[in-house]
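Novice: Going by UniProt numbering, the sequence shown opens with residue 1, and the numbers climb by one from there. Just so you know, even glycine gets a beta-carbon here, dropped at the ideal spot from N, CA and C. Note that the coordinates shown come from a computational prediction; the quantities given were computed from them, not determined experimentally. Sharing a structure, written as structure tokens. Questions coming.
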Amino acid sequence: MHLPHKNDFIPEQPAKAPILIKHNDNGNIHIYLRTPVTSITVRTELITSLFVHLVCDALVVNLYDANVSGLGYELINHSGGLEIYVNGYSDKLHVLVEKVLHQVRDLVVRKHRFHIEQVALYSDFFRSKRSFALEDHSKELSGITADDVEAFRPQLLTQCQIEVLANGNLSKTAALSITDLVEQTLKPQPLPSSQLPVARSLVLPPGSNFIYSRDLQDPENANHCIKYSLYAGNRSDKTLCAKLHLLSQITKEPCFNQLRTTKQLGYVVSSGHSERDCGYLESRINNFLGAFEQTLQNMSNKDFECYKNAASNSILAKLTNLDQEDARFWDHITNDSYDFVQADTDAEEIRKLSKEDMIEFFADFISPSSSKRAKLSVHLISQAKRSQRA
1 MHLPHKNDFI PEQPAKAPIL IKHNDNGNIH IYLRTPVTSI TVRTELITSL
51 FVHLVCDALV VNLYDANVSG LGYELINHSG GLEIYVNGYS DKLHVLVEKV
101 LHQVRDLVVR KHRFHIEQVA LYSDFFRSKR SFALEDHSKE LSGITADDVE
151 AFRPQLLTQC QIEVLANGNL SKTAALSITD LVEQTLKPQP LPSSQLPVAR
201 SLVLPPGSNF IYSRDLQDPE NANHCIKYSL YAGNRSDKTL CAKLHLLSQI
251 TKEPCFNQLR TTKQLGYVVS SGHSERDCGY LESRINNFLG AFEQTLQNMS
301 NKDFECYKNA ASNSILAKLT NLDQEDARFW DHITNDSYDF VQADTDAEEI
351 RKLSKEDMIE FFADFISPSS SKRAKLSVHL ISQAKRSQRA
């Protein structure tokens, strides 16, 4: 008879309760005022942008203490409405939300500040993508007055649909309280569902081959630019989305190597620019796609499975912080899908795809020789003389 030896792996002081190691008390709140009036015309889009600039300008002084305390805010003009975003320590987020809402509701447009923000907005045109042409903005902006912005505010706030995303260290009760605060402060009338902004895609007919050419305004710019787009179908089609994800994964490296490294055609291949003319750039893209069709057909099953795994793993990559999670949730809300498990669905759809599925898809929608393919390319043509481009 003898006692067993001591087991060094048995805990001597087992914990009776979990110990808090790290506590994150931050929260993010998005408030989406859905309304069609923000982007009906170039003019309404500009007035909304000026309104956003002026509200933020007025808040700089009023919310200095909030910034010092680690709280932040942002107003964003969406094509589908106005977004108010606040973030920071959840204990005082409701105070910040209330102050921002009051400024939105009660903004007094000061004319000297209006002219400053008008100039600032004009400079923004050259640093961001716009839904309307730059020339349209510059012509309209000069005719907008401070009184126009003042008169537009009731149109913006009187009738809209409110959507709120409360994420992070916020309880259900706190989220509902903030939603009530928004409704009680702004008091908007409900927006009929028929007037809600609807996200739409431009549908290109099968067999189409559109080319839109435009001269670059800068006479000193020596680069030609091209954006080459192919229409594949409805974005709500899960199988189609999976095929596009996988195709992107498979073509990413060979596309860069062929068009950027080998042919030296541009710095950004997905929307490339080069000193070669647009006709040549388009021909090289077509040649690449034609050659890649053969590459796909000759690909081994082992390599194809590796690409599938890489594509699904990239979609399922773990989110590392609250902001990444918040951005994903909010993206599903603003694009009207509300599909918060899309990553899992897409990854599962990718796993179902066979090599034959991708060969057929490529032959129908991507291959330059396809009679079904629908293509639109935009050419921006340099006006610089050949000697300047040399």
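If contact is defined by three or more beta carbon pairs under 8 Å, each pair taking one atom from either stretch, is the segment 223-231 in contact with the segment 327-344?
Specialist: The segment 327-344 is not in contact with the segment 223-231.
Novice: Applying the 10 Å Cβ sphere with the 16-neighbour rule, what's the burial state of asparagine 28?
Specialist: Here residue 28 refers to the residue found at position 28 of the sequence shown. With 16 or more Cβ atoms within 10 Å of its Cβ, asparagine 28 is classed as buried.
Novice: In the structure shown, what three-state DSSP assignment does isoleucine 144 receive?
Specialist: Indexing the sequence shown from 1 puts residue 144 at position 144. Isoleucine 144: coil per DSSP, three-state reduction.
Novice: Nearest by alpha-carbon distance to proline 190: which of Arg214, Gln159, His53 and Val108 is it?
Specialist: Locating residue 190 in the sequence shown gives position 190, where the first residue counts as 1. Taking only the C-alpha atoms, the option nearest proline 190 is Gln159.
Novice: Run through DSSP, which three-state label would leucine 376 get?
Specialist: Within the sequence shown, residue 376 is the residue found at index 376, counting from 1. Looking at leucine 376 - three-state DSSP - the assignment turns out to be strand.
Novice: Whole angstroms is fine: what's the gap from histidine 78's alpha carbon to glycine 72's?
Specialist: Position 78 of the sequence shown, counted from the start, is the residue given in the question as residue 78. Position 72 of the sequence shown, counted from the start, is the residue given in the question as residue 72. Each residue's Cα considered, the two are about 19 Å apart.
Novice: Is the segment 235-243 touching the segment 296-309, taking contact as three or more C-beta pairs under 8 Å?
Specialist: The segment 235-243 is not in contact with the segment 296-309.
Novice: Since leucine 121 and alanine 58 should fall inside the 8 Å C-beta cutoff, what is the C-beta to C-beta distance between them, to a whole number of angstroms?
Specialist: As a first step, residue 121 must be located in the sequence shown, where it is residue number 121. As a first step, residue 58 must be located in the sequence shown, where it is residue number 58. At roughly 16 Å, the Cβ-Cβ gap does not stay under 8 Å, so leucine 121 and alanine 58 are not in contact.
Novice: Rounding to the nearest angstrom, what Cα-Cα distance links tyrosine 307 and leucine 246 in this structure?
Specialist: Position 307 of the sequence shown, counting from 1, holds the residue named residue 307. Position 246 of the sequence shown, counting from 1, holds the residue named residue 246. One C-alpha to the other measures close to 7 Å.
Novice: Leaving out five residues on either side along the sequence, give the residues of the same chain with a beta carbon under 8 Å from the beta carbon of leucine 316.
Specialist: As a first step, residue 316 must be located in the sequence shown, where it is residue number 316. Ala343, Asp344 and Ala347, listed in sequence order.
Novice: Does arginine 113 come out as helix, strand or coil in the three-state DSSP assignment?
Specialist: One-based indexing of the sequence shown puts residue 113 at position 113. The answer is helix: DSSP assigns arginine 113 an H, G or I state.
Novice: Mind the definition here: the segment 165-173 touches the segment 86-96 only if three or more C-beta pairs lie below 8 Å; say whether that holds.
Specialist: Counting Cβ pairs under 8 Å, three or more are found: they touch.
Novice: Could you tell me which residues DSSP pairs with phenylalanine 304 in its beta bridges?
Specialist: Here residue 304 refers to the residue found at position 304 of the sequence shown. None; phenylalanine 304 has no bridge partner.
Novice: So leucine 195 and proline 36 are supposed to be a Cβ contact under 8 Å. How far apart are they, rounded?
Specialist: As a position in the sequence shown, residue 195 is number 195, starting the count at 1. As a position in the sequence shown, residue 36 is number 36, starting the count at 1. This sequence places glutamine at residue 195; leucine is not what is there. About 6 Å separates the two Cβ atoms, so the contact holds.
Novice: How many Å lie between asparagine 209 and threonine 251 at the Cα?
Specialist: Indexing the sequence shown from 1 puts residue 209 at position 209. Indexing the sequence shown from 1 puts residue 251 at position 251. In a straight line, the C-alpha of asparagine 209 is about 22 Å away from that of threonine 251.
Novice: Going by other Cβ atoms of all chains shown within 10 Å of its Cβ, with 16 needed for buried, is phenylalanine 365 buried or exposed?
Specialist: Position 365 of the sequence shown, counting from 1, holds the residue named residue 365. Looking at its Cβ environment, which holds 16 or more other Cβ atoms inside 10 Å, phenylalanine 365 is buried.
Novice: How about glutamate 293 and alanine 363: do their beta carbons lie closer than 8 Å?
Specialist: Sequence index remark: in the sequence shown, residue 293 carries index 293 (1-based). Sequence index remark: in the sequence shown, residue 363 carries index 363 (1-based). A contact, by the Cβ cut-off of 8 Å.
Novice: What first and last residue would you give for the alpha helix (DSSP H) that runs through leucine 46?
Specialist: By 1-based counting over the sequence shown, the position of residue 46 is 46. Start and end: 42-62.
Novice: Report back the beta-carbon spacing between glycine 81 and threonine 38 to the nearest angstrom; my notes put them in contact at under 8 Å.
Specialist: Here residue 81 refers to the residue found at position 81 of the sequence shown. Here residue 38 refers to the residue found at position 38 of the sequence shown. The Cβ separation is near 6 Å, so the contact holds.
Novice: Helix, strand or coil, according to DSSP, for alanine 310 in the structure here?
Specialist: For the purposes of this step, residue 310 is identified with residue 310 of the sequence shown, where counting begins at 1. Alanine 310: helix per DSSP, three-state reduction.
Novice: Who pairs with alanine 166 in a beta bridge, going by DSSP?
Specialist: Within the sequence shown, the letter at position 166 stands for residue 166. For alanine 166, which the question treats as bridged, DSSP gives the partners Ile29.
Novice: Determine whether the beta carbon atoms of leucine 186 and arginine 105 lie at a separation below 8 Å.
Specialist: Against the sequence shown, residue 186 aligns to sequence position 186. Against the sequence shown, residue 105 aligns to sequence position 105. In contact: leucine 186 and arginine 105 (Cβ atoms closer than 8 Å).
Novice: Whose CA, out of His379, Pro188, Asp357 and Thr295, lies closest to the CA of serine 283?
Specialist: Reading the sequence shown from its first residue, position 283 is the one you call residue 283. Measuring from the Cα of serine 283, the nearest candidate turns out to be His379.
Novice: Strictly by DSSP, which residues pair up with proline 86?
Specialist: On the sequence shown, position 86 is the one that residue 86 refers to. According to the sequence provided, residue 86 is valine. The question's proline does not apply to it. Partner(s): Ile29 and Tyr73.
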